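Numbering (my numbering), first residue to last: 37 to 322.
Given below as structure tokens:
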């Protein structure tokens, strides 16, 4: 099992100013970090790779699609932009030495049609993801597509829908992931949801129901960790939380109040909680 920390708690784009943070996370005991990849050219990520290597940190990444790169757009040119962006993401991941890129790159984040997903939209998404996954194969990169809750997307919002999409893409480099925050909203039974995605599970986000410190809220962590163990999951467990430090990101994640005293509270108490859960000695975070 590898423990990671998602850097979206601090930034939407890592630069050298965040290198001291990387060192603190390494000192806290994290095996790696999850880097946001929302823009930029592959070469711009080389200094980050060098620092990760210097610290002995591994990484995963997270990316999204926008209105301009929407994989389910009826406009072919927009869908092609989605393919090209995801290819760039693959190149960036290759520079970073990442083994997994996750995120809701099945469709544009926060874009809604006013109705449920159509068969055409599902096919468009699968076609874009299949092309991206074939490119990812060359970089030995796994793409873990993420289902979100109904307030952030409409194409896939459940474990069953995520598995359906993975099967439609039908490519070994395209799998899915489990995020406890989204599942807390959309699934009736977290254990059942994990069992549903287990055959194609490639990544896990440990995220509390209010996006704060893991172990301080309402997520059914006992069932979550027990079931992940039962299905034999041994990949990344990455803590994901959001704060108000970045106004644009706070607006996108709908964070309107402080959910924890300080970011340090999230990653220090969070990693302790996860380790206790994995060791079967968990207690609630105060």
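Quick reminder that beta carbons are idealized off the backbone N, C-alpha and C, glycines included. These figures come from a predicted structure and were not determined experimentally.
Can you give me the C-alpha to C-alpha distance between residue 113 and residue 77, rounded to a whole angstrom?
21 Å
Shorter than 8 Å from the beta carbon of residue 139 to some beta carbon of chain D?
Protein chain content of the structure displayed is limited to a single chain, and chain D is not contained in it.
Could you check where the alpha helix (DSSP H) with residue 129 kicks off and where it finishes?
Residues 112-132.
For the beta strand (DSSP E) holding residue 68, just list the boundary residues, first then last.
Residue 68 -> beta strand (DSSP E) spans 68-72.
Do residue 87 and residue 41 count as a contact pair if the criterion is CB distance below 8 Å?
no
Distance, Cα to Cα, residue 192 vs residue 54?
33 Å
Runs of 4 residues minimum, wholly inside the stretch 49-99: which ones carry the alpha helix (DSSP H) assignment?
55-64 and 82-91
With which residues is residue 214 paired in a DSSP beta bridge?
240
Compute the distance between the beta-carbons of residue 11 and residue 180, then report whether it is under 8 Å.
No answer is possible for residue 11: the residues shown for the chain start at 37 and end at 322.
So what's residue 192 in DSSP terms, helix, strand or just coil?
Three-state DSSP puts residue 192 in coil, outside helix and strand.
Give the C-beta separation of residue 289 and residue 247 to the nearest angstrom, bearing in mind that I take them to be a contact with Cβ-Cβ under 8 Å.
7 Å
Which class does residue 224 belong to by DSSP, given the choice of helix, strand or coil?
Of the three classes helix, strand and coil, the one that applies to residue 224 here is coil, per DSSP.
On a Cα-Cα basis, can you pick out the residue from 220, 60, 117 and 169 that is closest to residue 260?
220
By a C-beta neighbour count over all protein chains shown, 10 Å radius and 16 as the cutoff for buried, is residue 109 buried or exposed?
Buried.
Between residue 119 and residue 72, what straight-line distance do the alpha-carbon atoms span, to the nearest angstrom?
Going by the C-alpha atoms only, they are around 18 Å apart.
By how many angstroms is the C-alpha of residue 210 removed from the C-alpha of residue 165?
Residue 210 has its alpha-carbon roughly 7 Å from the corresponding atom of residue 165.
Would you call residue 65 buried or exposed, if buried means 16 or more other Cβ atoms sit within 10 Å of its Cβ?
Residue 65 is exposed by the Cβ-count criterion.
By Cβ distance below 7 Å, which residues in the same chain neighbour residue 188 in space, the five residues on each side in sequence not counted?
145 and 146
On the CB-based measure, 16 or more other CB atoms within 10 Å of its CB, does residue 51 come out buried or exposed?
Label assigned to residue 51: exposed.
Smallest Cα separation from residue 99: which of 79, 92 and 121?
Nearest in C-alpha terms to residue 99, of all of 79, 92 and 121, is 121.
Go through its chain and collect everything with a Cβ distance to residue 271's Cβ below 8 Å, but skip five positions before and after it.
37, 38, 136, 237, 238, 239 and 240
My guess is that residue 46 and residue 61 are in contact by the Cβ rule of under 8 Å, so how many angstroms apart are they, rounded?
Rounded, the Cβ-Cβ distance is 10 Å, inconsistent with contact.
On the criterion of 16 or more Cβ atoms from any shown chain inside 10 Å, does residue 149 qualify as buried, or is it exposed?
exposed
Below 8 Å on the Cβ atoms is my contact criterion, and I expect residue 117 with residue 127 to pass it. Report the Cβ-Cβ distance as a whole number of Å.
Their Cβ separation, rounded to whole angstroms, is 16 Å, which puts residue 117 and residue 127 out of contact at 8 Å.
Could you spell out the range, first to last residue, of the alpha helix (DSSP H) harbouring residue 38?
Per DSSP, residue 38 belongs to no alpha helix (DSSP H); it is in the beta strand (DSSP E), 38-42.
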